[in-house]
Each structure stands twice: as structure tokens, then as C-alpha cells.
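Numbering-wise (numbering that gives the first Met the number 0), the sequence shown opens with residue 0 and increments by one. Yeah, the Cβ is synthetic: ideal placement off N, Cα and C, and Gly gets one too. Because the structure is a prediction, the values reported are computed rather than measured.
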Amino acid sequence: MVRLAVASQKGGVGKTTLALNLAFSLARRGHRTLLVDTDPQGSIGLSLARKGEQPQSLAGYLAGAPLSNMILKTRLQELHLLLTGEVSPLDIDTFARSLASPHGLDRLLADAEEHFDLIVFDTPSGLGSVTRIVLEQSSHVLSPIQAEPLALRSIRQLLDLVGTLRAQGQPLSLVALVLVMIQMRNEASLAVAQELWAQFPEEFLVETLIPRDPIFLQASTLGVPLSLLSRTPPPQASAFERLAMEIEPRLGLTCEDAHEGPINLLV
Ligand SMILES: Nc1ncnc2c1ncn2[C@@H]1O[C@H](COP(=O)(O)OP(=O)(O)OP(=O)(O)O)[C@@H](O)[C@H]1O
Ligand SMILES: [Mg+2]
């Protein structure tokens with residue numbers, strides 16, 4: 000089972016947006032996906048919780064409930080959610096300790112193993128205790144990079160942490176640095192993109208760019224992936240389909256109907 004953490008040193012850069020939309024796209028491509036929100040501020044849950052109190056949560060799971068009772072079904076059969084649940088700001092250390100305990104992420108991974116091909120972890124901002132615990136249990140990490148000045152400075156800390164974990168023997172690989180909130184008509188934004196392309200080897204980069212667009216705010220207010228904003232998905236949603244296709248081989252995920260060679264156009 001692939002364990003993909005979406006993480007970044009900086010806050011508010013689009014981690015939750017990326018985790019939710021990418022999990023949706025990968026699930027739509029047939030991979031049985033569990034999206035786990037590990038942010039004590041409950042980013043994915045926040046907007047969903049407004050639609051009614053949601054007792055099923057990671058917090059409930061950590062308190063001993065079975066996984067099957069805590070995960071939420073979605074419109075897509077292949078996508079399930081595990082929301083953070085109630086974690087008071089004063090209890091973050093306790094939350095982190097229970098995640099790190101044998102009854103925490105270790106048990107979660109074991110319980111999810113036979114039901115899912117992929118777990119996507121949304122993490123809190125920064126590389127603090129919760130993010131670190133998640134990274135220690137992950138096989139892959141993906142980081143959104145905001146195409147805005149100073150954004151590149153924070154990449155180093157994430158790369159150092161990945162390097163440290165690898166040196167300790169953990170097979171953690173950086174899947175990609177994904178440029179998000181890019182503004183093609185803004186020179187400063189394009190300059191950040193160019194700097195990223197110049198500084199990092201191709202294997203850390205992807206062709207897909209996520210544009211800055213007000214539609215993202217609309218989607219995150221409703222707590223839905225862009226694809227579910229309307230019956231006909233907005234064109235911006237296609238970026239995540241493309242990203243899913245691009246990183247699938249890097250994650251070692253194969254599509255069930257993967258077909259060798261071209262297919263006849265005529266039937
Ligand atoms: N491509 C985009 N264009 C415009 N707005 C965006 C884009 N991606 C995300 N946003 C908006 O930016 C805000 C922050 O995004 P998001 O919550 O995904 O970031 P985050 O890194 O998870 O934040 P945090 O560090 O607080 O967890 C949200 O209001 C979201 O709607
Ligand atoms: Mg978030």
C-alpha cells in the first residue's frame with residue numbers, strides 16, 4: 000500500500016486542496032484511496048462538519064474504535080475519508096503521541112492494508128511533530144510550492160527532513176514539488192517557476208501546474224474537490240487528473256485496465 004504524505008514547511012500553500020483533489024483523481028482512476036486528515040485544525044473536516052456533527056474521525060480511531068466505523072464513504076466508491084475530528088489546541092501533544100504509539104498510525108496502516116491501494120495524508124503546516132510522525136510512516140511525499148516570491152526558501156527544510164529519514168533507513172521518496180497558485184501573466188510568479196525548474200532535477204518536478212483561480216476558494220468553502228463543484232466539472236479540475244496520471248508511475252500504481260501499446264481507433 001502506497002503511503003503518500005502531502006506536506007510543506009509553509010502554511011496556507013494549498014496542501015489540503017492538493018491532497019483532496021489528487022486523492023479524488025487517483026480514486027477516479029480506480030485506485031482504492033483513503034484520504035486521512037492529520038491536521039488537528041481539521042482542514043478537510045471543517046467545511047464538511049458544518050453539514051452536521053461528524054463523530055467518525057481519526058480522533059475516534061485513536062481512542063480505539065474500529066477503522067470501518069470511523070471512515071466515511073464518498074460519492075466515489077474508491078474514495079474514503081478519515082477526518083481528524085475534535086482535537087483541542089491544548090491536546091495536540093497528546094494527539095501526536097497517540098499517532099506515534101503502536102495503536103496509532105502503525106495500527107491504521109495495518110488495518111487499511113487489505114482495503115486500500117493508497118493512503119493520502121494531509122498534514123498540518125510546518126514540519127512539527129504530527130507531520131514528522133506522518134512522514135516517518137510514509138513511502139512518498141509530495142509538496143505544493145506556491146509560485147510566489149520566497150516560496151523556494153522553505154523547500155530546503157523539507158528536503159533535509161526527507162534526507163534525514165532516508166539516512167535512518169526509511170524508504171521515503173520525494174514524488175514531486177508541484178507548482179501551485181501560479182499566475183501565468185505575473186512576472187514574479189513566473190520567475191519563481193523558472194527558478195524551481197533551474198534548481199531542481201527533472202525527477203522532482205512535474206509538467207502539471209496548478210493555476211491561481213478564485214474557483215479554489217469556492218470549492219474549499221464547500222469542502223469538495225473541484226470536480227464536484229457542478230454537474231459538469233470546471234476545466235480547472237483537469238489539472239489534478241493530469242497530475243494523477245503524471246505521478247502514478249512514480250508511486251508505483253498501475254491502472255487495472257492498463258493496456259500495452261496503442262488501441263485501434265476504428266472498431
Ligand atoms: N490554486 C489555487 N488558487 C487560488 N486559491 C487557492 C488555490 N489553492 C488553494 N487555494 C486557497 O488557498 C487557501 C489555502 O489553501 P489550503 O487550505 O489548501 O492550504 P494548506 O496548505 O492546506 O493550509 P494550512 O497550512 O492552513 O493547512 C484556501 O482558501 C484555498 O481555497
Ligand atoms: Mg491544510
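| query | Just reading off the beta strand (DSSP E) that THR32 is part of, what are its end residues? | reply | 32-36
| task | Just mark GLY84 as buried or exposed, buried being the case when its beta carbon has 16 or more other beta carbons within 10 Å. | result | buried
| query | Does the Cβ of LEU149 have 16 or more other Cβ atoms within 10 Å, making it buried, or fewer, making it exposed? | reply | exposed
| message | On the DSSP letters alone, give me the boundaries of the beta strand (DSSP E) that ASP90 sits inside. | response | From DSSP, ASP90 is part of no beta strand (DSSP E); its letter is neither H nor E.
| Alpha carbon to alpha carbon, what distance is there between GLY63 and VAL191? | 45 Å
| request: Please classify GLU77: is it buried, with 16 or more other beta-carbons within 10 angstroms of its beta-carbon, or exposed? | output: buried
| query | To which residues of the same chain is ILE91 closer than 6 Å at the C-beta, ignoring the five residues directly before and after it? | reply | PRO39
| field | Assigned exposure category for ARG165 - 16 Cβ within 10 Å defines buried | value | exposed
| request: State the beta-bridge partners of LYS72 as determined by DSSP. | output: HIS79
| request: Would you kindly report the start and end of the unbroken alpha helix (DSSP H) that includes GLN8? | output: Note, GLN8: premise wrong, no alpha helix (DSSP H); not H, not E.
| said: Taking 8 Å as the limit between beta carbons, can you name the residues of its chain near LEU160, skipping five residues before and five after? | reply: LEU126, ARG131, LEU134
| field | Of the listed residues PRO200, THR32, PHE199, ARG211, nearest to ARG184 (C-alpha basis) | value | ARG211
| Can you name, in chain order, every residue of its own chain whose Cβ lies under 8 Å from the Cβ of PRO261, other than the five neighbours on each side? | none
| said: Is there a Cβ of chain C sitting closer than 8 Å to that of TRP196, yes or no? | reply: The structure shown contains no chain C; it holds only a single protein chain.
| query | CB of ASP36 to nearest heavy atom of ligand 4: below 7 Å? | reply | You won't find ligand 4 in this model; what it holds is ligand 1 and ligand 2.
| Could you give the C-beta distance for LEU98 and GLY41, rounded to a whole number, given that I count them as a contact under 8 Å? | LEU98 to GLY41, Cβ: 14 Å. No contact.
| request: Would you tell me roughly how many angstroms separate the C-alpha atoms of ILE154 and GLY11, rounded to the nearest one? | output: 15 Å
| query | Going by DSSP, which residues form a beta bridge with PHE120? | reply | ALA4, VAL35
| message | Helix, strand or coil, according to DSSP, for VAL223 in the structure here? | response | coil
| request: Grab the span of the alpha helix (DSSP H) containing PRO248 for me, first residue to last. | output: 237-250
| Is it the case that the CB of SER153 approaches a heavy atom of ligand 2 more closely than 7 Å? | no
| said: Quick check: the Cα distance between PHE94 and GLY103, rounded to an integer number of angstroms? | reply: 9 Å
| Contact between the segment 199-208 and the segment 173-188: three or more CB pairs below 8 Å? | yes
| message | Helix, strand or coil for LEU19? Go by DSSP, reduced to three states. | response | helix
| message | Going by C-alpha to C-alpha distance, which of CYS254, PRO88, LEU264, ASN263 sits closest to SER289? | response | The question about residue 289 has no answer, for the chain in this structure spans 0 to 266.
| said: Our contact map puts VAL349 next to THR37 with C-beta atoms below 8 Å; I'd like the distance itself, whole angstroms only. | reply: The displayed coordinates of the chain run from 0 to 266. Any statement about residue 349 would go beyond what the structure contains.
| Would the beta-carbon of VAL205 be found less than 7 Å away from any heavy atom of ligand 1? | no
| task | With DSSP collapsed to three states, give me the class of LEU265. | result | coil
| query | Considering only residues of the segment 108-180, which uninterrupted alpha helix (DSSP H) runs meet the minimum length of 4 residues and lie entirely inside it, listed in chain order? | reply | 128-135, 154-166
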